[in-house]
Amino acid sequence: MRSTSHTSLVNVLGVVYLHSKTAEGGDLYLTRHAEPHQEHLDIRNWYEDSWFTEHRVKLLGTSSVYRVPTRPVEGTSLDLVVKHNRVGEDVPLNTHTLEEFMSAEFNSPWEEFALVMEMNDKQVGQRLQYIKVQRPLAIYVPPERMQAWQSGRSRSKINRIRARHPGVDLDILKQYKLVYEWIRGKNLIELFEHIRLDLPDIVHHLKDLQKKALADLDRKGYIMADMKPEHVIIEEEDCERIEAMGKDDGARAAAEQVEAVYSLLNAGKYSVIDYELLFRTPEHEDRVKASRRHSYLDDMRDRLNPTPLPPHLARTEIFGVPYIFGRAESTGGRMWVVGRNARLFDYFLPERWRKTPSLSLSDTNEVFYTVTKDNIHLVWKTSRVGEMPGAGEFGPDEILKIKRYGFNSPFEEFALSQRLNELGIPAVYVRAIYMTGSLKVEISADPRKYQTHKDLADVDGEPVLDVQHNYITIRGYYNGPDEWVAQAEGALLTPVDLVKAVRRKVIAEERSAAFRSRVIERLRDAGYDGTLLKANDLLIALDAEGRIMNDRSGQPMVIISNFEILWKTGTAS
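Residue numbers (this note's numbering): 486 to 1058.
Here is the structure:
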């Protein structure tokens, strides 16, 4: 029995889900842990009104959390924990255990699952390997929309979450049901009910064990702002053993039981549950960023080496440039990442860079420098494909030339960058092309590129250049050759365009003009027209002492950073 229709793989905050629309119009997102249980997790097998109401058991706590068995599938049932996500709601004061968490906010469903999957995967940077978690199975978004007064959510809180993770879909008027696998066992309070101790002694041990679990979490790199003894789970087999030890009366049996509980926690044989107020520690956040940046540099160096391909990504080649292609599900956009290394794809998802603090690099174009959430330095630029040049930036003769050839498409730009580097003409490294999910407001004034690209379809049959969408090109912030940067231990190089180099008195105006002339001449000899390149389209790289990096011939290396007004002429000498 299936209540879902078309399915697709989506990636949200680094977690891959199998997404399907239910027959009722809701959305079901299954994690990789749910793969063996897809039939059990069909919503009619656990969330159908009469079944859920009759079989659910409310668990202790301040939120709506239930244990519910699924309908039997092939003779077996699966115990689930179903929890209403409280994103955007006020955090009750009684859940705060420490004053420093008074500003804590509930995780969104996507944040919560991403953190739990991260803890469970024991990713690089975690200082403690143990601490088990519940397996996150599914996020279910029912089709019904609430009234604003019913949601209990603050729009400002929702906006803050959207600012942390731009583009991640979060509807203030929809409910989000988180589904976890039930852990067979008891929490600390339930377990101590079987230990014959006076109440003050029980309270003392519970506080002590809670502190132990908190300390372990901190060593691992996480904070749980509302940690309670109820959140520490001892597995069923260990509980039965400890309870059996208490069959003998007397203080000695109770002491042995308590010692056994402490031994289990010291050995890491316990699980923690309830992750709506789970966060990384600041130190671990820094470690994650550093680890991801280090991995990124290695992967970028090896970008042309094929890696195993996840099912939600595909390989393609456009104008001789290899790409990893996939969808940016958080925004409904599409993305092409240069190379054959599939691990690079997630670094360029729009939620990693689109809303991070940025610095404008141009007075006339949308060109921005930013440091992503993974501490990666990038430059992104809105493509002008399909536009006509405006007055002021170009002279009359230059405008005529642009009208003759047209602004290059992002795919033409990337092919140019690759070819120039192959020819030994330094060009900035291009990284990814992002097609926005939203539709363009303006109509393209120059349709020629869309016509010349009309036969270029991607692996899903869609045109790679769609007149209805905007395109953003992402390139590296040039601080040295990729191979060198991955190995560098000290300070990297700093890029400076020729206009800023003159302004800062790094070079004289005459030298800047000579650099530009030399680049244009090299391009002409290679069969390209680069006469429209401006001084701010060309970079030099400076070391820590302010010296200009030289090329292999001993001449200052001048790097091309703009490919939208470069055209092949076929007149190479």
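Built from N, CA and C at the ideal position, the CB exists for glycine as well.
query: Please list the segments of the alpha helix (DSSP H) lying wholly inside the stretch 878 to 933, counting only runs of 4 or more residues, in order along the chain.; result: 881 to 890, 895 to 907
query: Less than 6 Å between C-beta atoms, sequence neighbours within five positions excluded: which residues of the same chain meet that for Val987?; result: Glu994, Ser997
query: Taking the continuous alpha helix (DSSP H) assigned at Asp1010, which residues delimit it?; result: 994 to 1010
query: Where does the unbroken beta strand (DSSP E) through Pro980 begin, and where does it stop?; result: 979 to 982
query: Where do the ends of the beta strand (DSSP E) carrying Tyr502 lie?; result: 500 to 507
query: Have a look at Lys617, Trp838, Gly573, Asn496 and flag the residue whose alpha-carbon is nearest the alpha-carbon of Leu863.; result: Trp838
query: Hey, Thr855 and Thr867: beta-carbon distance below 8 Å or not?; result: no
query: Considering only the alpha carbon of each residue, which of Ile616, Asp711, Tyr781 lies closest to Leu829?; result: Tyr781
query: Per DSSP, Met820 forms a beta bridge with which residues?; result: Gly811, Tyr919
query: Would you say Ala912 and Val806 are within 8 Å of each other, going by their C-beta atoms?; result: no
query: How many Å lie between His540 and Pro621 at the Cα?; result: 21 Å
query: In the structure shown, what three-state DSSP assignment does Glu872 receive?; result: coil
query: In chain order, which beta strand (DSSP E) runs of at least 3 residues are fully inside the stretch 721 to 794?; result: 763 to 765
query: Can you give me the Cβ contacts of Ala813 inside the same chain, cut-off strictly under 6 Å, excluding the 5 residues immediately before and after it?; result: Met820, Leu834, Pro835
query: Got a sec, what are the start and stop residues for the beta strand (DSSP E) Val688 sits in?; result: Looking at the DSSP string, Val688 is not in any beta strand (DSSP E); the run it does join, the alpha helix (DSSP H), is 684 to 705.
query: Please report the straight-line C-alpha distance between Ile680 and Arg737, rounded to a whole angstrom.; result: 11 Å
query: If contacts are defined as beta-carbon pairs under 8 Å, then Ser902 and Phe1048 qualify, I think. What distance do you get, rounded to the angstrom?; result: 6 Å
query: Are the stretch 705 to 724 and the stretch 756 to 767 touching by the rule of at least three beta carbon pairs closer than 8 Å?; result: yes
query: How is the alpha helix (DSSP H) around His862 delimited, first residue to last?; result: Run containing His862: none in the alpha helix (DSSP H); it sits in the beta strand (DSSP E), 862 to 867.
query: Considering only their Cβ atoms, is the gap separating Leu1018 from Ile1033 smaller than 8 Å?; result: no
query: Below 8 Å on the Cβ atoms is my contact criterion, and I expect Arg825 with Leu798 to pass it. Report the Cβ-Cβ distance as a whole number of Å.; result: The Cβ separation is near 11 Å, so there is no contact.
query: Go ahead and pull the three-state DSSP assignment for Asp831.; result: helix
query: Tell me the residue span of the beta strand (DSSP E) that contains Asp945.; result: Premise fails: Asp945 is in no beta strand (DSSP E) and is neither H nor E.
query: Secondary structure at Ile959, three-state DSSP: helix, strand or coil?; result: strand
query: Taking just the CA atoms, how far does Tyr962 sit from Lys985?; result: 16 Å
query: Spatial neighbours of Arg777 within its chain, please: CB distance less than 6 Å, with the 5 preceding and 5 following residues excluded, ordered by chain position.; result: Asp859
query: Is Gly871 near Tyr935, with beta carbons less than 8 Å apart?; result: yes
query: Do three or more CB pairs link the stretch 661 to 668 to the stretch 565 to 573 at distances below 8 Å?; result: yes
query: Out of Ile992, Thr979, Val981, Lys1053, which one is the CA nearest neighbour of Arg1007?; result: Lys1053
query: I'd like the list of long-range same chain contacts for Leu498, defined as Cβ closer than 6 Å, with 5 residues on each side in sequence excluded.; result: Trp595, Ala599
query: If you draw a straight line from the C-alpha of Tyr551 to the C-alpha of Pro714, how long is it?; result: 18 Å
query: Just verifying my parser: in three-state terms, what is the DSSP assignment at Ser845?; result: strand
query: How big is the Cα-Cα spacing for Asp575 and Ser549?; result: 15 Å
query: Look at His525 and Leu563 and say whether their C-beta atoms are less than 8 Å apart.; result: yes
query: Measure the alpha-carbon distance for Lys925 versus Ile957 and round it to whole angstroms.; result: 13 Å
query: When DSSP builds the beta bridges, which residues end up paired with Pro554?; result: Asp564
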